[in-house]
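S.K.: Would you mind keeping the following structure in view while I ask a few things?
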Amino acid sequence: MPGLLRAFVRVYRFSQWTRRRFTPAGLALVYVLTAATVFGVDTRRTAAYQMFGLALGLLVIAAVASLRFRPKLTFERHLPPYATVGQAFHYRHLVCNRGPRRIAGVRLRDELAERFPNAETFRHARAARDPQVNWVDRRIGFPRWLELVRRGRGVDIEETDLVDLPPGRSVEVTLSATPLRRGILRFERCRLLRPDPLGLINASTGVNLPGELVVLPRCHPVPPLALPGARRLQPGGVALSHNVGDSEEFIQLRDYRPGDPLRRIHWPSFAKAGKPVVKEFQDEYFTRYALVLDTFGDPASDVEFEAAVSVAASFVAGLQIHDALLDLVFVEDRAYRLTVGRGLGRTLTLLRELAAVELCQGRRFELLAAHVLEHAQALSGCILVLLRMDDERRRLVKRLRGLGVQQLVLVTGSERPAPEDGVVMHAVNPRDVGGSLRSLSW
Amino acid sequence: MVAAPPPFLLAAGLLFWGWYGEFMAAAAAMAIALEAPRYLRLRWGLSARDFERIADLCTVAFVSALAFQFLQSRHFPDSLIAALVWLPMLFFALLLGQRYSIAQRVPLSALFWSLRHRARGPTGERRVSQAMRLDYAYFCLCLLAASSANPRTPWFFAGLSVLGMYALWPAAPQRSTRRAWALALVAAVGLGFAAQAGLLRAQASLEEWVFDWLSHRWTSPADLYQSQTAIGDIGELKASDRIVLRVGAVRGSAPERLRTAAYNVYGGGTWTAPGQVFTPITANNQTWNLAPGRGAIVRLSAWLDHQRALLALPLGTFRLDSLDVSSVQHNPLGAVRIEEGPDMLLFEAQFDPRYSLDAAPDSVDLSLPSGARPTLQKVADEIGIPDRDPRAAAQAIAGFFDSRFEYSLALSGGNGMPRSLSQFLLTDRRGHCEYFATATVLLLRHAGVPARYATGYSVQEWSPLEHQYVVRERHAHAWALAWIDQRWQELDTTPAVWVAEEQRAASALQPVYDLLSLLNYRVALWQRARVDASGGATIMLWIAVMLAMYLAWRVWHRHRVRVPARPKADSVEARQISNPSIAALLRALTRLGYACPPSAPLLRWVRELPLADSEMRWLLEDTVRGYYRTRFDPLGAASEQEQLLLDRRVGTLLQRLAGAPAQRKGSGRIR
């Protein structure tokens, strides 16, 4: 297997090199040269050797003409702070010609760091990712490997015409691309390509220009949900809900909500406003939801996992929780519990975390279950985004139900989960997360 | 994916192919059919499935052509090259489909089977796959097909260069000046010419070198490149029953022996023919005349294993008829060499043994190896060879071998070493034809009779099934040529029992092999008769015509549309722009080579213009936005002011555009 992967890497690098160094016309001429070599081996049988000679002459002259290209340039790349999977983003490049000569007819190529899959990732990547792939491709696996490399790179950026670079002046170009995956895109270098006078071979020059762009997971609209659940005592109040703050003092007045104790009613304000108004203290009762993301899956379940992350991101970005709190709970190298709502935290912070979340391997689901149950007393409701529904996960659902926590369970696996009494369960189609979320109800 | 080719490139490629492939009429018709869409407005809505069917049809046609050529030549490389010449015709339908389709592209699923699976979704619905133009690929195919016709003229390279230049013109980057482009191209063509000439010479040199090298390592009885044979070589062939020749008498009787080569120098158990130069013979419609005359005629058929071979011919052959090879050469010792023929040769040889064309003897034909003289003297004394009577000497030697020697296929001297001539003559007195022939030649020379050593085949087995003689590999034979009565005469002193001896060693499966061989022979004869009668070209043309008719019938019933006439590039009126300022601006841009397509939204078109000057781009965009406001703003009061502003902006733009260089054909930039 490592030998095969090394061969893949060599083939891939060679193919990248040819694409970079040859223009489409030059590549076509290389094919002609190859065909002429095959059919012109015996110079007595065909005159294909004359085609070979001509193609060789053109390529050699083009190669010689493309040897000398050392312009003095500086590059500046201006990336946006965030991008989203599947949505095009635009960024700018500022190229300054510091040399004494005009540079014309060049193309700008932005290159990202390549992340080649290791043997384990390759082995576990689903062979039947696309069942329409033919037998040979599936057997050898090169298209699958290419797809993994492409996803590792995260984005395909087309070359752009720079047209003209006058001496001492800068030219700004705008490039656009669409991220293929969430996470961090690592830009590595910039190249300037200039075709030779015949337009066959590119001269290439480049500089290392590292840069990073965080790609957030794809968010889909979440329908307005009637979030259930009673208000629960939150020891330490809002501040402590984020493990910060220490006092139990009056904060503000707010409108009465069913379930507020009568002793909290601020009667003067009631009299003034004509509707019940209550006093709000730091240590108080309010609504708190947990959004639990299941990260326990094998590498083959990456489609389901990506769907789960997308579901979680959609809830983080689009769920109307009003003045409730939302805890995002997941396990990676350790258990995480991140809170937003009521002025705490920022949605973007959670999305950033979700952009970087990875499958948790080598650990058991109980770790997550224990962490959720530990804080279950404070929860009004819980949204569980699970990769599948097995005994461990079913046990968590039952225990939460036993604690009186209302649950919305979303399962992204291909199997439809068996219904559970008192629990709202939905199956999410991993290939159509948006469609599945549209039909959501609680 | 691939850009459109320059105008009439395909027609030029097809005519080039037609000229060298000798399909000028077909090529002209195809060129007209492919270029007609420039002037016709008829298009067909061909789906991906239609293209796949067309591609399949072309593939079937190609495979059929390949199979047909293979049956003809029975040599895969030859059949592949022969089929290559037909490629433009075989894949013409695919390109015709592209040129007359609305999309003007061929989906990749038509070209690659593997993509057809991907082109269908999980529920069987078709996905839109990538598509490409095949114009350049087809153009290259035309050039390759033309080269397969093997034109041997410098004009071919000149034509290739001109077509190549024209094809590469659109690929030239905008920045390169015409002078730089032309200079680079001239250098490339010069280098290419030198390269192809060098290749031609390199192959010739390499072949010579390989032949030389091989000749020092490996020889065969008829290897006249090396011109030598060793005793034992023929013996190795004795084990094979394979039929290598068929001999039928047409006029007169069939010869007893067919000679492949003759040798004149002996030493160390090896016969050689040093310094023998092959002289080419000129042909007259597959008839090769070595000398005038009239004699017996024999029809020979032989399998040709290599592109160069020596013919096995009767002694005194002076004319070869119906011999379909590219060259025939002969040497002074009577060997005839041919080059580049079909796998099975079928020809007639006219011969008269009385008039051998072999060179008259010289001193070499009397030379003896010094070490053999004592042995030869002893044997001569024993025989009592008469002096000064070559005929009597020959008879005495033949009688000596006939009465005192036995035939044996044993090649070893008993100690694993080859048997020496003296051992054969003095001790064992048994051996096979090579020993007899060598000893005869040397004894004749010792008696003062010029003699040579000949190798070839004995014609002895009459096949009642085929009604002609068959010659097997084990019939390989050696004999002596003696200069008697001022002509070369064959003297075969090998005891006649050798035929029966070898027949006994034949395989039990020989009848089966013979039957298969006969079948093979008949098929080859049938192919040859078909080709002679109708010609491969006609058959292929009919196949192509029928395929084209079928395709035309299928396509005609497809969804046919009439595309709207394309307005002239400078026709701003086609957009029906009522605003005079904008109309003037568009005309100015059109003059510079930036014609706005009638269907394109103005703002998008302006945004996509390849402008280097960002200020110019901004001005243009702003002007178009202003134009939109004057056109669509419901507030009439604002429109007047906008129109004034618009006029000013257009004025500025027109001034700047007046100083901009015109765009070259293809893509261009305003600097």
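If you read the protein sequences in the order shown, they are chains U and F. Residue numbers for the first sequence follow the numbering used here, beginning at 1 and rising by one. Residue numbers for the second sequence follow the numbering used here, beginning at 443 and rising by one. Glycine residues also receive a C-beta, built at the ideal position from the N, C-alpha and C atoms.
Please report whether the beta-carbon of Y849 of chain F lies at a distance below 8 Å from any beta-carbon of chain U.
M.R.: On the second sequence, residue 849 of chain F is found 407 positions in, with the first residue counted as 1. Answer no: the Cβ-Cβ gap between Y849 of chain F and chain U never drops below 8 Å.
S.K.: Secondary structure at G690 of chain F, three-state DSSP: helix, strand or coil?
M.R.: The residue you call residue 690 of chain F lines up with position 248 of the second sequence. If DSSP states are grouped into helix, strand and coil, G690 of chain F belongs with the strands.
S.K.: What residues are listed by DSSP as bridge partners for Y849 of chain F?
M.R.: Working through the second sequence from its first residue, we reach residue 849 of chain F at position 407. BP columns for Y849 of chain F point to F:G873.
S.K.: Compute the distance between the beta-carbons of Y899 of chain F and A918 of chain F, then report whether it is under 8 Å.
M.R.: Residue mapping note: residue 899 of chain F aligns to position 457 of the second sequence, counting from 1. Residue mapping note: residue 918 of chain F aligns to position 476 of the second sequence, counting from 1. Yes, they are a contact pair.
S.K.: Closest to T205 of chain U by C-alpha separation, out of U:V411, U:G26, U:E366 and U:V106, would be which residue?
M.R.: Along the first sequence, one-based indexing puts residue 205 of chain U at 205. Comparing Cα-Cα distances from T205 of chain U to each of U:V411, U:G26, U:E366 and U:V106, the minimum goes to U:V106.
S.K.: Check whether chain F comes within 8 Å of I157 of chain U, counting only Cβ atoms and requiring the distance to be less than that.
M.R.: The residue you call residue 157 of chain U lines up with position 157 of the first sequence. With 8 Å as the cut-off, I157 of chain U does not count as an interface residue toward chain F.
S.K.: Can you list, in chain order, the residues of its chain whose CB lies under 7 Å from that of S976 of chain F, leaving out five sequence neighbours each side?
M.R.: Your numbering for residue 976 of chain F matches position 534 in the second sequence. Any answer about S976 of chain F is weak, because its pLDDT of 48 lies below 50 and its placement is not dependable; what the coordinates show is given next. Contacts found: none.
S.K.: Would you list the one or two residues that DSSP bridges to G898 of chain F?
M.R.: The sequence position of residue 898 of chain F within the second sequence is 456, counting from 1. Note: G898 of chain F sits in a beta bridge opposite F:R701 and F:H919.
S.K.: Is H426 of chain U helix, strand or coil by DSSP?
M.R.: On the first sequence, position 426 is the one that residue 426 of chain U refers to. Strand, per DSSP.
S.K.: Quick check on L666 of chain F: buried or exposed, where buried means 16 or more other Cβ atoms within 10 Å of its Cβ?
M.R.: As a first step, residue 666 of chain F is located in the second sequence; it is residue number 224 there, counting from the start. Low confidence applies here, because L666 of chain F scores a pLDDT of 41, under 50, leaving its location unreliable and the question unanswered by this model.
S.K.: How do the region 728 to 741 of chain F and the region 950 to 961 of chain F stand: do at least 3 beta-carbon pairs fall below 8 Å, yes or no?
M.R.: no
S.K.: Do D934 of chain F and W925 of chain F have their C-beta atoms closer together than 8 Å?
M.R.: The residue given as residue 934 of chain F occupies position 492 in the second sequence. The residue given as residue 925 of chain F occupies position 483 in the second sequence. No, Cβ-Cβ distance for D934 of chain F and W925 of chain F is not below 8 Å.
S.K.: Taking just the CA atoms, how far does Y708 of chain F sit from L513 of chain F?
M.R.: Working through the second sequence from its first residue, we reach residue 513 of chain F at position 71. Working through the second sequence from its first residue, we reach residue 708 of chain F at position 266. Roughly 44 Å separates the two Cα atoms.
S.K.: Can we count T817 of chain F as close to the ligand FAD, meaning its CB is less than 7 Å from some heavy atom?
M.R.: Of the ligands one can find in the structure shown there are none, so the ligand FAD has no counterpart to examine.
S.K.: With a CB to CB cut of under 7 Å and the five nearest residues on each side skipped, what residues in its chain are close to D161 of chain U?
M.R.: Translated into positions along the first sequence, residue 161 of chain U becomes position 161. Cβ within range, chain order: R107.
S.K.: So M466 of chain F is in the alpha helix (DSSP H); what residue range does that whole segment cover?
M.R.: Your numbering for residue 466 of chain F matches position 24 in the second sequence. Unbroken alpha helix (DSSP H) run through M466 of chain F: M466 to E477.
S.K.: Does the CB of Q252 of chain U have a neighbour CB from chain F at under 8 Å?
M.R.: Numbered from 1 along the first sequence, position 252 holds the residue referred to as residue 252 of chain U. Q252 of chain U does not count as touching chain F.
S.K.: Would P795 of chain F and L753 of chain F qualify as a contact pair, given that the criterion is a beta-carbon distance under 8 Å?
M.R.: For the purposes of this step, residue 795 of chain F is taken as the residue at position 353 of the second sequence. For the purposes of this step, residue 753 of chain F is taken as the residue at position 311 of the second sequence. No, the pair does not count as a contact, with Cβ atoms beyond the cut-off.
S.K.: With L112 of chain U and W623 of chain F assumed to form a contact (beta carbons below 8 Å), what rounded beta-carbon distance in angstroms separates them?
M.R.: Counting from one through the first sequence, the residue named residue 112 of chain U turns up at place 112. Counting from one through the second sequence, the residue named residue 623 of chain F turns up at place 181. 34 Å between Cβ atoms; not a contact.
S.K.: Taking contact to mean at least 3 C-beta pairs separated by less than 8 Å, is the region 819 to 839 of chain F in contact with the region 866 to 886 of chain F?
M.R.: yes
S.K.: To which residues does DSSP link E212 of chain U through a beta bridge?
M.R.: Residue mapping note: residue 212 of chain U aligns to position 212 of the first sequence, counting from 1. E212 of chain U is bridged to U:R186.
S.K.: Mind checking if A630 of chain F is an interface residue toward chain U, Cβ cutoff 8 Å exclusive?
M.R.: Counted from its first residue, the second sequence places residue 630 of chain F at position 188. It does; some Cβ of chain U falls within 8 Å.
S.K.: Identify, in the order they occur along the chain, each residue of the same chain with its Cβ nearer than 8 Å to the Cβ of E159 of chain U, setting aside the five sequence neighbours on each side.
M.R.: Counting from 1 along the first sequence, the entry for residue 159 of chain U is found at position 159. Excluding sequence positions up to five before and after E159 of chain U, its CB lies within less than 8 Å of the CB of R107, L108, R109 and L193, all in the same chain and listed in chain order.
S.K.: Would V11 of chain U count as contacting chain F if we go by Cβ distances under 8 Å?
M.R.: Position 11 of the first sequence, counted from the start, is the residue given in the question as residue 11 of chain U. For V11 of chain U, the answer is no, since every Cβ of chain F falls outside 8 Å of its Cβ.
S.K.: Taking T178 of chain U as the query, report the chain F residues whose CB atoms sit under 8 Å from its CB, ordered along the chain.
M.R.: Walking along the first sequence from the start, residue 178 of chain U turns up at place 178. Result: empty, since nearest Cβ-Cβ is about 17 Å, beyond 8 Å.
S.K.: Going by beta-carbon coordinates alone, are P430 of chain U and A307 of chain U separated by less than 8 Å?
M.R.: Locating residue 430 of chain U in the first sequence gives position 430, where the first residue counts as 1. Locating residue 307 of chain U in the first sequence gives position 307, where the first residue counts as 1. Contact flag set, yes.
S.K.: Between which residues of its own chain and S682 of chain F is the CB-CB distance below 8 Å, once the five residues before and five after are set aside?
M.R.: For the purposes of this step, residue 682 of chain F is identified with residue 240 of the second sequence, where counting begins at 1. Excluding sequence neighbours, S682 of chain F sits near R914, E915 and R916.
S.K.: With A104 of chain U and D164 of chain U assumed to form a contact (beta carbons below 8 Å), what rounded beta-carbon distance in angstroms separates them?
M.R.: Position 104 of the first sequence, counting from 1, holds the residue named residue 104 of chain U. Position 164 of the first sequence, counting from 1, holds the residue named residue 164 of chain U. Their Cβ separation, rounded to whole angstroms, is 5 Å, which keeps A104 of chain U and D164 of chain U in contact under 8 Å.
S.K.: Between A503 of chain F and the rest of its own chain, which residues show a CB-CB distance below 6 Å, the 5 nearest in sequence each way excluded?
M.R.: Within the second sequence, residue 503 of chain F is the residue found at index 61, counting from 1. Correct list, in chain order: L532 and L989.
S.K.: Within its chain, find whatever has a CB closer than 6 Å to the CB of Q931 of chain F; leave out the 5 residues flanking it on each side and keep chain order.
M.R.: Here residue 931 of chain F corresponds to residue number 489 of the second sequence, with the count starting at 1. Once the five neighbours on either side are set aside, the close Cβ partners of Q931 of chain F are A924.
S.K.: Please check if any C-beta of chain U sits within less than 8 Å of the C-beta of I1024 of chain F.
M.R.: For this step, residue 1024 of chain F is matched to residue 582 along the second sequence. Answer no: the Cβ-Cβ gap between I1024 of chain F and chain U never drops below 8 Å.
S.K.: Any beta carbon of chain U sitting closer than 8 Å to that of C584 of chain F?
M.R.: Looking up residue 584 of chain F in the second sequence gives position 142. Judged by the 8 Å Cβ criterion, C584 of chain F is not in contact with chain U.
S.K.: State the start and end residues of the unbroken alpha helix (DSSP H) segment that holds T18 of chain U.
M.R.: In the first sequence, residue 18 of chain U corresponds to position 18, counting from 1. For T18 of chain U, the enclosing alpha helix (DSSP H) begins and ends at P2 to R21.
S.K.: May I ask you to list the residues that DSSP assigns as paired with V409 of chain U?
M.R.: Taking the first sequence and counting its residues from 1, the one referred to as residue 409 of chain U is at position 409. For V409 of chain U, the beta-bridge partners assigned by DSSP are U:L384 and U:M425.
S.K.: Any contact of the region 172 to 190 of chain U with the region 31 to 39 of chain U, i.e. 3+ C-beta pairs under 8 Å?
M.R.: no
S.K.: How is the beta strand (DSSP E) around M389 of chain U delimited, first residue to last?
M.R.: Taking the first residue of the first sequence as position 1, residue 389 of chain U is located at position 389. M389 of chain U: not part of any beta strand (DSSP E); DSSP gives it neither H nor E.
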